[in-house]
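Residue numbers (our numbering): 224 to 601. Beneath this line is the structure, given in structure tokens, with notes to follow.
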């Protein structure tokens, strides 16, 4: 029967027949999930077989091995934790040859200029404090800056400048270290929070350093030098404990300089044990010259302590003009006596004036030297 001769059927009837015909032939379902799981299993099986059957798990990928070990081999803690070298596999494309081809034993690029001689250190409950070595070497000799002395200067006038009160302000201290000539001596208070950094910077720049020790003035406690001040009338053991606490704040100093202390330095019974300790440890003592009653010269001589005394306070009037005038007076004194020691505080105006003055000192035939050069004991 042709479409022309077939009976007429409505559109809805034709749609119904077509729908029934489709329902009679169900669509086939493809198990996609099972196929995917099977493929993943085959991939994992292949990777496992390759690792088991091939000696090189990296599949021939270029690699380099770096041994990480201490150059000096001096860290006993690190040696206990990791006694042997550690190997790392590094991709040469990620790390250039100059980074990966490092010898296992390589010297550091430069020696540490702030290094402390372990033979000159005693470990105590207060921290490391200086001592004389078993061979008789002293911290005063080891940490003094090499220079001319009155015996080697050939009659040339020598001047030493001590800048005190450093270490309390980080920025100001670093600026002073940067501006001042390396022959200027720096004295650090024991109370700064960044002493390791500032003292290390000073020694790295070649400066000789002193430790300021707080000693009792006549008007104590109205005028207080700070924590751990050594006091008159105290048991020597108590004062030595305070002294060791102060001495343990940093290392590398050639000696001590007093901060105040007019009452303490006038008392032989109190000052004597401190000076005896300095002599036994090979440290020097520099008197700031603020008290004519100080017994420091006699006690230093009795205990073989390298000793010096400041001749002039340079910035008693902390202004540029008066400071330069005081420095000129110090020059005159050095010409008359062969040498002179001046002291200034770490004020910016004082640091600036000393830096300016020191720049033209050689033209005047005067040599600036560290304080230890004028203390003997070298």
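Cβ atoms here follow ideal geometry from the backbone N, Cα and C, with glycine treated the same way. What you are looking at is a predicted structure, and each value in this text was computed from that prediction instead of being measured.
Between the Cα of residue i and the Cα atoms of the options, which residue gives the shortest distance?
i: residue 652; options: 427, 547 and 459; result: Nothing can be reported for residue 652, as the shown portion of the chain is limited to 224 through 601.
i: residue 530; options: 542, 520, 537 and 378; result: 520
i: residue 450; options: 460, 375 and 436; result: 436
i: residue 417; options: 573, 406 and 392; result: 392
i: residue 428; options: 347, 405 and 480; result: 405
i: residue 560; options: 378, 347, 342 and 339; result: 378
i: residue 523; options: 347, 537, 374 and 494; result: 494
i: residue 423; options: 479, 338 and 343; result: 338
i: residue 558; options: 376, 394, 419 and 444; result: 376
i: residue 457; options: 442, 491 and 445; result: 491
Quick one: residues in its chain with C-beta nearer than 6 Å to the C-beta of residue i, no 5 flanking neighbours on either side, listed in chain order?
i: residue 345; result: 352 and 354
i: residue 396; result: 389, 390 and 421
i: residue 584; result: 591
i: residue 599; result: 529
i: residue 499; result: 526
i: residue 482; result: 435, 437 and 448
i: residue 501; result: 508 and 528
i: residue 532; result: 510 and 512
i: residue 328; result: Caution applies to residue 328, whose pLDDT of 37 falls short of 50 and renders its modelled position unreliable; the value that the coordinates give is listed next. The answer is none, since no qualifying residue turns up.
i: residue 229; result: With a pLDDT of only 41 at residue 229, under the threshold of 50, the placement of this residue in the model should not be trusted; the figure read from the coordinates follows. There are no such residues.
i: residue 342; result: 356
i: residue 479; result: 434, 436 and 508
By Cβ distance, which residues of its chain are closer than 7 Å to residue i, with the 5 residues on each side in sequence left out?
i: residue 439; result: 452, 453, 454, 455, 484, 486 and 487
i: residue 596; result: 370, 371, 372, 381 and 383
i: residue 303; result: For residue 303, the predicted structure reports a pLDDT of 35, less than 50, and the residue's modelled location is therefore unreliable. The matter cannot be settled from this model.
i: residue 415; result: 390, 391 and 421
i: residue 441; result: 485 and 486
Output needed for residue i: all residues of its chain with C-beta closer than 8 Å, excluding positions within five of it in sequence on either side, in chain order.
i: residue 535; result: 512, 549, 552, 553, 556, 563, 564, 565 and 566
i: residue 489; result: 514, 516, 517 and 518
i: residue 496; result: 459, 462 and 463
i: residue 237; result: Residue placement at residue 237 is poorly supported in this model, since its pLDDT is 43, which falls under 50; the coordinates are not used for a value here.
i: residue 419; result: 473
Which partner residues of residue i appear in the DSSP bridge assignment?
i: residue 481; result: 436
i: residue 578; result: According to DSSP, which records beta bridges pairwise, residue 578 is partnered with nothing at all.
i: residue 386; result: 409 and 567
i: residue 590; result: 381
i: residue 496; result: For residue 496, which the question treats as bridged, DSSP gives no partner whatsoever.
i: residue 346; result: 351
i: residue 562; result: 381
i: residue 536; result: 566
i: residue 507; result: 478
i: residue 453; result: 438
i: residue 530; result: 508
If we call anything under 7 Å between Cβ atoms a contact, is residue i one with residue j?
i: residue 570; j: residue 541; result: yes
i: residue 408; j: residue 505; result: no
i: residue 431; j: residue 472; result: no
i: residue 363; j: residue 477; result: yes
i: residue 503; j: residue 543; result: no
i: residue 475; j: residue 426; result: yes
i: residue 387; j: residue 568; result: yes
i: residue 433; j: residue 412; result: no
i: residue 365; j: residue 340; result: yes
i: residue 538; j: residue 578; result: no
Is there a Cβ of chain D sitting closer than 7 Å to that of residue i, yes or no?
i: residue 475; result: Note that chain D does not occur in the displayed structure, where there is just one protein chain.
Is residue i close to the ligand ADP? I mean its beta-carbon at under 6 Å from any heavy atom of the ligand.
i: residue 522; result: The ligand ADP is absent from the structure shown, which contains no ligand whatsoever.
Between the stretch 454-469 and the stretch 386-405, do three or more beta carbon pairs fall short of 8 Å? Note that the stretch 454-469 does not touch the stretch 386-405; fewer than 3 beta-carbon pairs, one per stretch, sit closer than 8 Å.
Across the stretch 585-593 and the stretch 379-398, are there enough close Cβ pairs to call them in contact, namely three or more that are closer than 8 Å? Yes, the stretch 585-593 is in contact with the stretch 379-398.
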